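These notes are about the structure you will find just below.
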Amino acid sequence: MAEHGKGPLAGIRVTDFSWVWAGPFCTLQLAHLGAEVIRIETTKRICVTRLLPPWAEGQPNPNTSGYFNQYNQGKRAITLDLQTSEGQEIARRLVAISDIVVENFAAGVLDRLGLGYEDLRKVKPDIIMISMSGYGQTGPLRHYISYGPAQVPMAGFSTLTGYRHWDQPMHVGLSYGDPNAGHHAAFAILAALWHRHHTGEGQYIDMSQWESTIALLGDAILHQQMMGYQPPRLGNRDPYMAPHGFFRCRPAEPGSLPEGMLLEDRWVSIACASDDEWRALCRVMERPELADDPRFATLEARKQNEDELERIVEEWTLTQDPFEATRKLQEAGVAAFPPLSNKELSEDEGLNAWGAFAEKEHPIVGVRKHIGIPWKLSRTPCEVWRAAPVLGQDNDYVFHQLLGMSEQEIAALKEKGVIV
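Have a look at this one:
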């Protein structure tokens, strides 16, 4: 069926109606697991992520977006206008030879196109379909448009993020709702596949991205329920570790940092989860007397004197190179690591040796380094079998080879603007 055929989902086909980030992030996981994912796109309404930077060589183009090309590795792509009756019929034909359907539009969008679950199960009774709308298919918010940045404050993140004593909402800097929803959806699909394997039954999965994002803050919600008030903002601190945070290090030598970073932008993260680790940190800092200092001898004492504790630790880190400090602390059994720039991540010896990155030939931008598959399976090894597709790259494969259309049929549909 597919050119790759590796991984535990080899032989599974996905019709992917999704766009932007959450849905494609879900189908990325399925592609990583070996499924043949076929994205349905149209040049009449190009996916938002094809229009976002970074661009290869700084040249904006729907096929050169690093954003799109990261989250659509290993997939196929066709162009099809679903606003036409012919396009809808072709989509149904593709679903008839698929196992999974993924969509993340607002509630009711695919139903109005004749591509809802009840329509699709008529052409494939055991189809597994997931709708990843922002607020689910029922309820008063079901028709609302949703994007990840709005789900962050709606899920409660913005009242918890920030330094102590801040009172204004604070964005976390990442649209957690999108990739989190993608992971939730992929897991739900795997569970549905397991169910179908044992029963022969397909099913419809109604997933709310909002609710899946709220699930990340279970401890904070329980705190509110049990204590009667929400947990306070802690900045980089932790309720059960001290010291715990980022500490400024010795400034770098001129010319040694990535372009755009300041010389003083050098930090190391340190986390002591026990009294033993605190004593190890004291030895590394060559301040063994601090281990028995009554202000710091126990976690409770360190939390009560945390301002002074952090001042003392940073007094030491300011004399240290962050990577050298990391080496010393790790050898002593203390969790520590510098925050890395994107350049440092891509060049990291450990990540490259582990195989964290995928480098495949893209038809337009050539070979680029992308984050690859973050797991390794011994019995069913996975691989990124090719780079993300350009618009319509697999039209011939899908329409001609899979659906058996003649060249004359395909040409006529292109002429009518159905394949576009």
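For any residue, its number in my numbering is found by taking its place in the sequence shown, counting from 1, and adding 830.
Cβ coordinates follow ideal geometry from the N, Cα and C atoms, glycine included.
As the structure is a computational prediction, the values presented were derived from the model and not from experiment.
Would residue i and residue j be called neighbours here (beta carbons separated by less than 8 angstroms)?
i: T873; j: T909; result: yes
i: L863; j: C1212; result: yes
i: P1204; j: N902; result: no
i: L1111; j: L1159; result: yes
i: S988; j: P999; result: yes
i: F1126; j: L1139; result: yes
i: Y1006; j: L1046; result: yes
i: P1062; j: R994; result: yes
i: D911; j: G1247; result: yes
i: R1067; j: C1079; result: no
i: K819; j: R1216; result: The structure shown has nothing for residue 819, since the chain only spans 831 to 1250.
i: A852; j: G969; result: no
Could you check what DSSP says for residue i in three-state terms: helix, strand or coil?
i: S1099; result: strand
i: K1190; result: strand
i: I1035; result: strand
i: V982; result: helix
i: S988; result: helix
i: A832; result: Annotation note: pLDDT 44 at A832 (below 50); position unreliable, no value reported.
i: W885; result: strand
i: I1240; result: helix
i: S961; result: strand
i: S895; result: strand
i: D956; result: coil
i: H1074; result: strand
i: R1216; result: coil
i: A907; result: strand
i: E1107; result: helix
i: V939; result: helix
i: E919; result: helix
i: V925; result: helix
i: E933; result: strand
i: H1014; result: helix
i: G1007; result: helix
Taking 6 angstroms as the limit between beta carbons, can you name the residues of its chain near residue i, skipping five residues before and five after?
i: R869; result: D846, K905 and A907
i: L881; result: none
i: A1101; result: M1071, H1074 and A1165
i: Q1231; result: none
i: L971; result: Y965
i: L1233; result: R923
Tell me which same chain residues have a C-beta within less than 8 angstroms of the C-beta of residue i, skipping the five on either side of it?
i: E1031; result: D956 and H1025
i: Y974; result: A936, G964 and Y965
i: V850; result: C877, V878, T879, N934, Y977 and D1008
i: M831; result: With a pLDDT of 40 at M831, under the threshold of 50, the modelled position of this residue cannot be trusted, and the question is left open.
i: A1103; result: Y1070, M1071 and A1165
i: L950; result: R922, V925, V931, I957 and M959
In its own chain, which residues sit with a C-beta less than 7 angstroms from the C-beta of residue i, not counting the 5 before and 5 after it?
i: L839; result: L860, L863, G864 and A865
i: T1156; result: V1098, A1166, F1167 and P1168
i: D1036; result: S961, G966 and Q967
Inset, instruction - Check whether the region 1013-1024 touches the region 935-946, taking contact to mean three or more Cβ pairs, one atom from each stretch, closer than 8 angstroms. - result: no
Inset, instruction - For the region 1037-1052 and the region 886-906, state whether three or more C-beta atom pairs, one from each stretch, are separated by less than 8 angstroms. - result: no
Inset, instruction - For the region 952-960 and the region 913-932, state whether three or more C-beta atom pairs, one from each stretch, are separated by less than 8 angstroms. - result: yes
Inset, instruction - Inspect the CB distances between the region 1141-1155 and the region 1185-1197 and report whether three or more fall short of 8 angstroms. - result: no
Inset, instruction - At 4 residues or longer, and completely inside the region 1161-1210: list those alpha helix (DSSP H) runs for me, N to C. - result: 1172-1177 and 1179-1184
Inset, instruction - Enumerate, from N- to C-terminal direction, the unbroken beta strand (DSSP E) stretches of 3 or more residues contained entirely within the region 836-877. - result: 843-846 and 866-871
Inset, instruction - Enumerate, from N- to C-terminal direction, the unbroken alpha helix (DSSP H) stretches of 4 or more residues contained entirely within the region 1018-1069. - result: 1039-1044 and 1048-1057
Legend entry - Cβ pair count under 8 angstroms reaching 3, the region 1174-1189 against the region 1104-1118: no
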